[in-house]
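Participant: What follows is a structure written as structure tokens; I'll ask about it next.
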Amino acid sequence: MASKHTIATRHAQGIRARFASRFLRSLLRLRRSSNRFGGSQSNDEGIGKRIRTDRIKIAAYAAMARAVGPRRTWSRALLFKLRNRARIHGVSRKRCLVSEKKRITRNKVVATSSEPSRADTLRKLVPGGDSMDTCVLLEETAHYIKCLATQVTVMQSIADRLLL
Amino acid sequence: MDPPLINETSFSAANPSSYTLAEIWPFPPPPPPPTRSGLRMDNLADPDGSLEESTLTDQSSGNGIRIRKTRDFSSEKDDSTKIVSTTTSANDLNDSNGKRRKITGSRSVNDDSRAETEASSAANNKSAEQSSKASEPPKQDYIHVRARRGQATDSHSLAERARREKISERMNMLQDLVPGCNKVIGKALVLDEIINYIQSLQCQVELLSMKLEAVNSRMNTSTTIEGLHPKDLGAQPFVATGMIFSPQPTREYVQGSQSEWLHMQVGGSFERAL
Chain A
1 MASKHTIATR HAQGIRARFA SRFLRSLLRL RRSSNRFGGS QSNDEGIGKR
51 IRTDRIKIAA YAAMARAVGP RRTWSRALLF KLRNRARIHG VSRKRCLVSE
101 KKRITRNKVV ATSSEPSRAD TLRKLVPGGD SMDTCVLLEE TAHYIKCLAT
151 QVTVMQSIAD RLLL
Chain B
1 MDPPLINETS FSAANPSSYT LAEIWPFPPP PPPPTRSGLR MDNLADPDGS
51 LEESTLTDQS SGNGIRIRKT RDFSSEKDDS TKIVSTTTSA NDLNDSNGKR
101 RKITGSRSVN DDSRAETEAS SAANNKSAEQ SSKASEPPKQ DYIHVRARRG
151 QATDSHSLAE RARREKISER MNMLQDLVPG CNKVIGKALV LDEIINYIQS
201 LQCQVELLSM KLEAVNSRMN TSTTIEGLHP KDLGAQPFVA TGMIFSPQPT
251 REYVQGSQSE WLHMQVGGSF ERAL
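Same order as they appear, the protein sequences are chains A and B.
Residue numbers in the first sequence follow full-length UniProt numbering, run continuously in steps of one, and reach 164 at the last position.
Residue numbers in the second sequence follow full-length UniProt numbering, run continuously in steps of one, and reach 274 at the last position.
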């Protein structure tokens, strides 16, 4: 039991360190790129801020998913989504919407039969949860919560350090 | 919903054995030639016509009596030889076929306990085919629960029970993970709590990315610090993972407005860092 716990914590620490280094690298990259294009994009401050915030958020999620690796379903789904988003990005947005609509209707059909929408909500929150069994969904949710908490603490401390 | 279907399948799974007992035994003459010879000897020893006549008269008089007779024979199970004799004596094979079907049906209806045991043995055999050793403890559990419920006698309900146990186990794990979730009773409320926690964590990520954006853009204006930072950043994760990233999940995720929370967090972390 104790050995398992230490292994788990070491594992979490490994994920934490990997996430921190990846996220810092991507932050640096973002800073450089915004430095390069900062003068041209600063005509509208609100939109630029919003875009930069979104980029940082996406970078954080991507760093987390890469730190976890392709072992977990949610990280795989997240990476796939981010990659597709980077690839598509407004070119075939219509098709995405249609598929989302289909997925939503299918989920509703499934949800009316058994569970009243709580597992469904969870499914929407956890990336890649659409195609999961309830057991798998709960397991992935546990891991996802752990990783999100790690992500939040790391980002918090990075922000504190940068503010100092 | 499930149990009747399951019972049907179990009966159909259980029936072949009874068919093998009842139908295959009497029909092909080759398996019991010595018994037939013995029977013939018996028939020869006994007054031959009287036995056949009695059975024939039974047939002609009423089918019910004869069915009861044969049922008794089949329940006694040692008198398969007599059944064979009746088949040999009975002229109409079709009639005997129908009766035997009736007999098997009555047997399956009458001996419910036997059929259940056969079904359980069949289910156990099925599970044993899938996983030989893992089926032992569920079998015990299943027998215990069957005594209480009466209907849940199948591999389907077994699997369902295992699935439920798994789900509850994972719910317990999640309860341990989510802070303040141990006092909540009930799966729905626990799920609500988990959903709230995930949403709050995602909100925190959003807020922190906003904060980091502000910090990053402020760094952009002063490009002289830019050169200093990579070292700092490179050194940071290893220091930080040891010191600051102590595993304390941020507890203040529910209460207060989020800007207030941000200030609180910043103040607390400043105190921690200093």
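C-beta atoms are modelled at their ideal positions from N, C-alpha and C, and glycine is treated no differently.
Treat the numbers as computed from the prediction; the structure is a model and nothing was measured.
#1: Establish whether the CB of A:Thr-134 and some CB of chain B are separated by less than 7 Å.
#2: Helix, strand or coil: how does DSSP classify A:Thr-134 here?
#3: Just how far apart, CA to CA, sit A:Ala-59 and B:Arg-161?
#4: What are the uninterrupted segments assigned as alpha helix (DSSP H) that are 4 or more residues long and contained completely in the UniProt domain "BHLH" (151 to 201) of chain B, given in chain order?
#5: With 7 Å as the threshold, decide whether the Cβ of A:Ala-67 is near any Cβ in chain B.
#6: How far does the alpha helix (DSSP H) with A:Val-68 in it extend, from its first residue to its last?
#7: Under 8 Å Cβ-Cβ, which residues of chain B neighbour A:Arg-52?
#8: Indicate whether at least one CB of chain A lies closer than 7 Å to the CB of B:Gln-204.
#9: Are the C-beta of B:Leu-189 and some C-beta of chain A separated by less than 7 Å?
#10: Can you find the residues in the same chain that come closer than 7 Å, C-beta to C-beta, to A:Arg-72, ignoring five residues on each side of it along the sequence?
#11: Taking the beta carbon of B:Arg-170 as the centre, do at least 16 other beta carbons fall within 10 Å, making it buried, or is it exposed?
#12: When burial is assigned at 16 or more other CB atoms within 10 Å of the CB, is B:Glu-165 buried or exposed?
#13: Hey, how far is the Cα of A:Arg-22 from the Cα of A:Thr-153?
#14: If we cut at 7 Å on Cβ distances, does A:Glu-139 have a partner in chain B?
#15: Counting Cβ pairs closer than 8 Å, one from the region 14 to 21 of chain A and one from the region 64 to 78 of chain A, do we hit at least three?
#16: How many Å lie between A:Ser-131 and B:Ser-155 at the Cα?
#17: Quick check: what's the CA-CA separation for B:Asp-192 versus A:Leu-164?
#18: Using the C-alpha atoms, what's the distance from A:Ser-34 back to B:Val-190?
#19: For A:Ile-56, would you say it is in contact with chain B, using Cβ-to-Cβ distances shorter than 7 Å as the test?
#20: Where does A:Gly-128 fall in DSSP's three states?
#21: If you run the structure through DSSP and keep just helix, strand and coil, what is A:Ala-163?
#22: Any C-beta of chain B sitting closer than 7 Å to the C-beta of A:Ala-159?
#23: Tell me the DSSP secondary structure of A:Arg-72 in three-state form.
#24: Using only the alpha-carbon positions, how far apart do B:Pro-4 and B:Ala-188 sit?
#25: Which residues of the UniProt domain "BHLH" (151 to 201) of chain B have a Cβ closer than 8 Å to any Cβ of chain A? Give them in chain order.
#26: Within its chain, find whatever has a CB closer than 6 Å to the CB of A:Leu-82; leave out the 5 residues flanking it on each side and keep chain order.
#27: Just to check my reading of the structure: B:Val-184 and A:Met-155 have Cβ atoms closer than 8 Å, yes? What is that Cβ distance to the nearest angstrom?
#28: For my contact list, A:Ile-145 and A:Leu-24 are in at a C-beta cut-off of 8 Å; report their separation, rounded to the angstrom.
#29: What residues from chain B crowd round A:Arg-118, counting only those whose CB sits closer than 8 Å?
#30: CA-CA distance, A:Ser-117 and A:Ile-15?
#31: Since I believe A:Leu-148 is in contact with B:Leu-177 (beta carbons under 8 Å), could you give me their beta-carbon distance rounded to a whole number of angstroms?
#32: Just how far apart, CA to CA, sit B:Ser-209 and A:Ser-26?
#33: Taking the C-alpha atoms as reference points, what is the distance between B:Glu-213 and A:Thr-150?
Facilitator: Straight from the coordinates:
#1: As a working note, residue 134 of chain A is residue 134 in the first sequence. At a cut-off of 7 Å between beta carbons, A:Thr-134 contacts chain B.
#2: Translated into the one-based positions of the first sequence, residue 134 of chain A becomes position 134. The answer is helix: DSSP assigns A:Thr-134 an H, G or I state.
#3: Position 59 of the first sequence, counting from 1, holds the residue named residue 59 of chain A. Position 161 of the second sequence, counting from 1, holds the residue named residue 161 of chain B. Each residue's Cα considered, the two are about 42 Å apart.
#4: If we require 4 residues or more, the alpha helix (DSSP H) runs fully inside the UniProt domain "BHLH" (151 to 201) of chain B come out as 155 to 177.
#5: As a working note, residue 67 of chain A is residue 67 in the first sequence. No, no contact with chain B.
#6: For the purposes of this step, residue 68 of chain A is taken as the residue at position 68 of the first sequence. Taken as a continuous stretch (DSSP letters only), the alpha helix (DSSP H) holding A:Val-68 covers 45 to 68.
#7: Reading the first sequence from its first residue, position 52 is the one you call residue 52 of chain A. Neighbours of A:Arg-52 in chain B, taken as residues whose beta carbon is under 8 Å from its own, are Glu-213, Asn-216 and Ser-217 in chain order.
#8: Locating residue 204 of chain B in the second sequence gives position 204, counting from the first residue. Put simply, the CB of B:Gln-204 is near chain A, with a gap under 7 Å to one of its CB atoms.
#9: Taking the first residue of the second sequence as 1, we reach residue 189 of chain B at position 189. Chain A, which has no Cβ nearer than 7 Å to the Cβ of B:Leu-189, makes this no.
#10: Within the first sequence, numbered from 1, the residue matching residue 72 of chain A stands at position 72. Here the set comprises Glu-140 and His-143.
#11: Numbered from its first residue, the second sequence carries residue 170 of chain B at position 170. Flag for B:Arg-170 reads buried.
#12: On the second sequence, residue 165 of chain B is found 165 positions in, with the first residue counted as 1. With a threshold of 16 other beta carbon atoms within 10 Å, B:Glu-165 falls short and is exposed.
#13: The residue you call residue 22 of chain A lines up with position 22 of the first sequence. The residue you call residue 153 of chain A lines up with position 153 of the first sequence. Cα to Cα, A:Arg-22 sits roughly 15 Å from A:Thr-153.
#14: Here residue 139 of chain A refers to the residue found at position 139 of the first sequence. Output row for A:Glu-139: interface = yes.
#15: The region 14 to 21 of chain A is in contact with the region 64 to 78 of chain A.
#16: Walking along the first sequence from the start, residue 131 of chain A turns up at place 131. Walking along the second sequence from the start, residue 155 of chain B turns up at place 155. Between A:Ser-131 and B:Ser-155, the C-alpha separation is close to 25 Å.
#17: Walking along the second sequence from the start, residue 192 of chain B turns up at place 192. Walking along the first sequence from the start, residue 164 of chain A turns up at place 164. Taking the straight line joining both Cα atoms gives about 37 Å.
#18: Locating residue 190 of chain B in the second sequence gives position 190, counting from the first residue. Locating residue 34 of chain A in the first sequence gives position 34, counting from the first residue. A direct Cα-to-Cα measurement between B:Val-190 and A:Ser-34 gives close to 43 Å.
#19: Residue 56 of chain A sits at position 56 when you count from the first residue of the first sequence. Against chain B, the CB of A:Ile-56 has a partner CB under 7 Å away; the residue lies at that interface.
#20: By one-based count along the first sequence, residue 128 of chain A stands at place 128. Note: A:Gly-128 maps to coil in three-state DSSP.
#21: Sequence index remark: in the first sequence, residue 163 of chain A carries index 163 (1-based). It is Leu, not Ala, that sits at residue 163 of chain A in the sequence shown. Looking at A:Leu-163 - three-state DSSP - the assignment turns out to be helix.
#22: The residue given as residue 159 of chain A occupies position 159 in the first sequence. Answer yes: the Cβ-Cβ gap between A:Ala-159 and chain B drops below 7 Å somewhere.
#23: Taking the first sequence and counting its residues from 1, one reaches residue 72 of chain A at position 72. Reduced to three states, the DSSP call for A:Arg-72 is coil.
#24: Numbered from its first residue, the second sequence carries residue 4 of chain B at position 4. Numbered from its first residue, the second sequence carries residue 188 of chain B at position 188. Only weak support is given to the placement of B:Pro-4: the predicted model assigns it a pLDDT of 43, under 50, and the question is left unresolved by the model.
#25: So the list reads Arg-163, Lys-166, Ile-167, Arg-170, Met-171, Met-173, Leu-174, Leu-177, Val-178, Ala-188, Leu-191, Asp-192, Ile-194, Ile-195, Tyr-197, Ile-198, Gln-199 and Leu-201, given in the order they occur along the chain.
#26: Within the first sequence, numbered from 1, the residue matching residue 82 of chain A stands at position 82. Closer than 6 Å at Cβ, skipping near neighbours: Ala-62.
#27: To locate residue 184 of chain B, count along the second sequence from 1; it is residue 184. To locate residue 155 of chain A, count along the first sequence from 1; it is residue 155. Actually they do not touch by this definition, with Cβ atoms about 28 Å apart.
#28: Taking the first sequence and counting its residues from 1, the one referred to as residue 145 of chain A is at position 145. Taking the first sequence and counting its residues from 1, the one referred to as residue 24 of chain A is at position 24. A:Ile-145 to A:Leu-24, Cβ: 23 Å. No contact.
#29: Within the first sequence, the letter at position 118 stands for residue 118 of chain A. Within chain B, the residues near A:Arg-118 are Ala-188, Leu-191, Asp-192 and Ile-195.
#30: Taking the first residue of the first sequence as position 1, residue 117 of chain A is located at position 117. Taking the first residue of the first sequence as position 1, residue 15 of chain A is located at position 15. In this model, A:Ser-117 and A:Ile-15 are separated by some 32 Å (Cα to Cα).
#31: In the second sequence, residue 177 of chain B corresponds to position 177, counting from 1. In the first sequence, residue 148 of chain A corresponds to position 148, counting from 1. That pair is no contact at about 10 Å.
#32: Residue 209 of chain B sits at position 209 when you count from the first residue of the second sequence. Residue 26 of chain A sits at position 26 when you count from the first residue of the first sequence. Cα to Cα, B:Ser-209 sits roughly 12 Å from A:Ser-26.
#33: Counting from one through the second sequence, the residue named residue 213 of chain B turns up at place 213. Counting from one through the first sequence, the residue named residue 150 of chain A turns up at place 150. Taking the straight line joining both Cα atoms gives about 19 Å.
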